[in-house]
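Chemist:
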Amino acid sequence: MTRLASGGLIDRAQPLRFSFDGRSYSGHAGDTLASALLANGVKLVGRSFKYHRPRGIWGLGSEEPNALVELRDGGRQEPNTRATTAELFEGLSARSQNRWPSLRFDAMALNGLFGPVLSAGFYYKTFMWPAAFWEKVYEPLIRRAAGLGRAATAPDPDAYERMHAHCDVLVVGAGPTGLAAALAAARTGARVVLADEDFRLGGRLLADAPEIDGAPGEAWAAQVLAELASLPDVTLLPRTTIFGAFDHGTYGAVQRVADHLTEPAPGQPRQRGWSIVARRVVLAAGAVERPIAFPGNDRPGVMSAAAARGYLHRYAVLPGHRAVVFTAGDDGWRTATALRDAGAEVTVVDPRDMPARPGLRVVAGARVVGTGGRLGLASALLDTGERIAADLLAVAGGWNPTLHLSSHQGGRPRWDEALAAFLPGTPPPGMAVAGAAAGRFTLAACLADGAAAGLQAARDAGHEGQPLALPRAEDEPAGLRALYHVPGRKAFVDFQHDVTADDIALAAREGFRSVEHAKRYTTLGMATDQGRTANVVGLAILAEATGRGIAETGTTMFRPPYTPVTIGALAGAQTGPDYRPTRLTPLHAWSARHGASFVATGAWLRPEWYARPGEAGWRDSVDREVLHVRQAAGFCDVSTLGKIELVGPGAAALLDFVYANDIATLKPGRIRYGIMLREDGFVLDDGTCARIAEDRFFVTTTTANAARVMQHLEYAHQALRPELGVTILSVTEAWAQIALAGPHARDVLAQVTDADLSNAALPHMACAEATFAGGVRGRLYRLSFSGELAFELGVPPDAAEALADRLLAAGAVPYGTEALGVLRIEKGHAGGGEMNGQTTAGDLGLGRMLSRRKDFIGRILAQRPALVDPARPVLVGLRGAGLRTGAHLLAIGAVANTANDLGHVTASCWSPHLETQIGLALLSGGAARIGTRIRVYDPVRGHDGEAEVVAPVFIDPEGGRTRG
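This is how it looks when you write it as structure tokens:
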């Protein structure tokens, strides 16, 4: 055990049992898994990605590159979790990963023997020959070796949720800088959100044990947090990582609500995803200590000096009894002093000329050039030739400001030679960077900088206040001699991806001098820590290898997420049936009472058919409904069609630009069928456009494309024609829409409205205001997709059931989507199967609709040679037994292969009116094939037959029925 008898911020009165690789251990409330493992003397926690080298704990927080473990079991199994951020709880089950058969004996460690072969870019060179091996040998081996942990295979039993927040000031980080910033802003009355990824707020005040106003730093932090918690407009978010800076002051965050519990309480989410919109942001994310690349620097027992100090002060864990502190700056000496005071035997190795210190053995002007030990550190070798027995090697190579969020919108970090660090460049609008994240590494500077930044952010957000009275704190020594690399073999830079200094030098020799190229060639900084510890060291080595300075060499950029984010936190409650809310039409309950079976069509539930007593199956119901429409009258709930109103003097011009056919010439009170093209010339959607008044249009879309058409209209207005005065509004839920069709439709409709329904007053493709029975005001549209005399009735949703009752009483029968599909196939109307995103207006027989008198979206690209090729598949009809949607079409006698594929069946049904199987298809050269026979090949469902190619319109090709 290395737990000290006293001290630390753990709760010694609350012991916790946990297991690691099946072995039981104990820790305390307030521990992380990493601190608890160290307290139990466990230093070997994982294996590296490529060479499977033994790895221990390097850091203290989310910068940890080595200690990635699997947590929990079953559906809650969680791979690649940093032991340094996993809060200990009773019964926690953790396992090491990326090893076989065990952590101590990993057979894949043999990869280390092939290090010269597995150097940077080996996969670009090794797997080129023989070509036949790629699919059979190389790819299976690579896939088997890829990855680290194992994702859960069982369903996740926990819930997640999404939250939205608006604030004046968002403070990212709750260390001394963040606390001072939040307090200064909060005292002005501003709405403040303070977020930190740790479960205990305070940052380095908890890890370094500094004094503020003569008292421990954690006491000052507790005092500030108590005041912040008492203010009504302050929100404290511990266990919350701000992972991305997005447009317009929006920041993404994930809050680990119950990750520290065995399982969430009833009704409690495990994690919560936040979208926080902030007027101003103070980035106070601190800094991360970087390593020094020297031979053997990845051995378990080699640790960040700041992390060693943090485990000692915060968790009362002594990481080693015989310690070597290898430091290139003053900060490492603070660790040496802390370890000495805790009872460790300490040797300080500093390349600078440093004086002796009481209780410390000092080796000045020296460097560590190697380590010894098998599964853990046993010794450190100096360039003087001395080998020092050690179980801890604490390394202090300088500090890297945590500036990731500042570059998420393109701000490139700038190199500061004096600080030997990259500092934020141009941050996102509204963001100020303060404290260590801005290169101010001393405590007093952090407090002053945070207070000033917080007050200024509040003022920029419209709040006035007084400067914060700064507490008394010292500016501790922060001198540094930049040291990045000690030459030698197996000097690791990126611990997680096993990138060595030699790999970076090799990349430079092979021409990958750009930081972006070197990153991808070596995978430097591409691990889950995004290079937080590795990047600067790697860039320094690349700069040296290419004869440039670090400023000239530059750095790679950062992008969200800052740390890995679970899919659950992004999705929130939108999983399973809740992924997209199920939408019900105003007639849903009415349809259910009248025997409807429902089908999901996009987000909607629609009636498929209405069963009647004595019907043996769905075919009986559908056949009855189709025949009743053809012989009398039927009505269908079409409320799911997208309905969009455009109002304004520019409405006609916008629609004329969006539709491929002419809309501007449409008269008020008339309707026009129209098609929209995408910019690439393919059909986007079809529907109707009714001109209600000179400056008001009512557009309908297909159910599936309602949202896409709305987006298309908004895009066309905002991006392409912003000068047009028009307002666009989705009114799908504002209208219940009923289609009434059949030769008796006019007689039925006359019983529910007093409107003049004659051809003279309401001709085909006309619309009018109407009053329906019960005094309900609505709209009446004379249009048809069934090939019969038909009308569409639009009424307020709460009037839909009464209208359906009256239609039923007048002799019409309800019909569902199956009958609707049969009716449209019989009439040859193109639908979803034909408008599949790969068809043109010409393919669908609608080419003559394309206007030659105006410009419209898609006009130019619709004329590309490939899109007007006569050999393109075009819409035809088919008659024949066994037609199935999706079946391939081949010439009679042709071999069934892709080279001979002439098209496919897009829709098929049994036509009770024609008493035969019919279908629609897209067939190459289809117009010329009408009257011939075609092979219909369906290998999936085991059908191979023939069909007759016919015109796509099976019923009333002259249109006499429609015009009534």
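Our numbering numbers the first residue of the sequence shown as 1 and each following residue consecutively. Cβ coordinates follow ideal geometry from the N, Cα and C atoms, glycine included. Note that the structure is predicted; figures quoted are calculated from it, not measured.
1) Would you report the Cα separation of isoleucine 860 and arginine 872, rounded to the nearest angstrom?
2) Just to confirm the assignment: which complete alpha helix (DSSP H) runs, minimum length 4, are found wholly within the region 212–284?
3) When you compare only the Cα positions, how much space is there between tyrosine 673 and alanine 745?
4) Under the DSSP definition of a beta bridge, which residues are partnered with cysteine 767?
5) Can you find at least 3 beta carbon pairs, one from the region 752–772 and one from the region 822–831, that sit closer than 8 angstroms?
6) Taking the CB atoms as reference points, tell me whether valine 348 and valine 369 lie closer together than 7 angstroms.
7) For asparagine 661, which residues does DSSP report across the bridge?
8) Alpha carbon to alpha carbon, how far is arginine 299 from glycine 373? Give it in angstroms, no decimals.
9) Per DSSP, which residues does serine 304 bridge with? Please list them.
10) For isoleucine 671, write down the residues that DSSP places opposite it in a beta bridge.
11) Between the C-alpha atoms of glutamine 466 and leucine 455, what's the straight-line distance to the nearest angstrom?
12) Enumerate in chain order the residues of its own chain whose CB-to-CB distance from glycine 893 is below 7 angstroms, with the five nearest sequence positions on each side excluded.
13) Taking the alpha-carbon of valine 874 as reference, which of Arg721, Glu90, Val949 and Leu922 has the nearest alpha-carbon?
14) Give me the Cα-Cα distance between phenylalanine 326 and serine 93, rounded to the nearest whole angstrom.
15) Express the C-alpha separation of serine 62 and alanine 551 in angstroms, rounding to a whole number.
16) Can you confirm whether the region 733–748 touches the region 798–813 when touching is taken to mean that 3 or more C-beta pairs between the two stretches lie within less than 8 angstroms?
17) Just to confirm, is the Cβ distance from glycine 882 to glycine 945 under 7 angstroms?
18) Taking buried to mean at least 16 other C-beta atoms within 10 Å of its own C-beta, is leucine 100 buried or exposed?
19) Proline 176 lies in the alpha helix (DSSP H); which residues open and close that run?
20) Alpha carbon to alpha carbon, how far is asparagine 535 from glycine 525?
21) Thinking alanine 690 and phenylalanine 698 are a contact (beta carbons under 8 angstroms), I'd like their distance in whole angstroms, please.
22) Would you report the Cα separation of tryptophan 618 and tryptophan 609, rounded to the nearest angstrom?
23) Nearest to alanine 947 by alpha carbon, out of Ile955, Thr177, Phe954 and Ile934?
24) Go ahead and pull the three-state DSSP assignment for leucine 807.
25) Can you tell me whether DSSP reads leucine 447 as helix, strand or coil?
26) The alpha helix (DSSP H) with glutamine 631 in it runs from where to where?
27) When you compare each of Arg532, Gly547 and Val257 to arginine 513 by their alpha carbons, which one comes out closest?
28) Could you tell me the alpha carbon to alpha carbon distance between asparagine 297 and valine 234, rounded to whole angstroms?
29) Just to confirm my understanding: we take leucine 419, look at its own chain, exclude 5 residues before and 5 after, and list those with CB closer than 7 angstroms. What are they?
30) For alanine 616, is the classification buried or exposed, using 16 other Cβ atoms within 10 angstroms of its Cβ as the cut-off for buried?
31) Distance, Cα to Cα, glutamine 255 vs proline 238?
32) Does the beta-carbon of glutamate 915 have 16 or more other beta-carbons within 10 angstroms, so that it is buried, or is it exposed?
33) Name the one or two DSSP bridge partners that proline 564 has.
34) Going by other Cβ atoms of all chains shown within 10 Å of its Cβ, with 16 needed for buried, is threonine 262 buried or exposed?
35) Cα-Cα, which of Arg884, Asp756 and Arg630 is closest to phenylalanine 954?
36) Under a Cβ-count criterion, where at least 16 other Cβ atoms within 10 Å of its own Cβ denotes burial, should aspartate 494 be classed as buried or exposed?
Modeler: Taking the geometry as given:
1) Inter-residue distance for isoleucine 860 and arginine 872 is about 18 angstroms (C-alpha atoms, whole angstroms).
2) 217–230
3) Using only the alpha carbons, I get a separation of about 21 angstroms.
4) Tyr781
5) no
6) no
7) Asparagine 661 is not bridged to any residue.
8) 8 angstroms
9) Val395
10) Ala690
11) 8 angstroms
12) Cβ neighbours of glycine 893 within its own chain (closer than 7 angstroms, five residues either side excluded): none.
13) With distances taken between CA atoms, valine 874 lies nearest to Leu922 out of Arg721, Glu90, Val949 and Leu922.
14) 34 angstroms
15) 27 angstroms
16) Short answer: they touch.
17) It is a contact, given that the beta carbons lie within the stated cut-off.
18) Sequence check: residue 100 is tryptophan here, not leucine. That one is exposed.
19) 176–186
20) Their backbone Cα atoms lie some 6 angstroms apart in a straight line.
21) 4 angstroms
22) In this model, tryptophan 618 and tryptophan 609 are separated by some 7 angstroms (Cα to Cα).
23) Ile934
24) helix
25) helix
26) Per DSSP, glutamine 631 is one residue of the alpha helix (DSSP H) stretching across 618–631.
27) Gly547
28) 44 angstroms
29) Excluding sequence neighbours, leucine 419 sits near Gly439.
30) exposed
31) Near 8 angstroms, if we compare the C-alpha coordinates of proline 238 and glutamine 255.
32) With fewer than 16 other Cβ atoms from the protein chains shown falling within 10 Å of its own Cβ, glutamate 915 counts as exposed.
33) Per DSSP, none; premise fails for proline 564.
34) exposed
35) Arg630
36) buried
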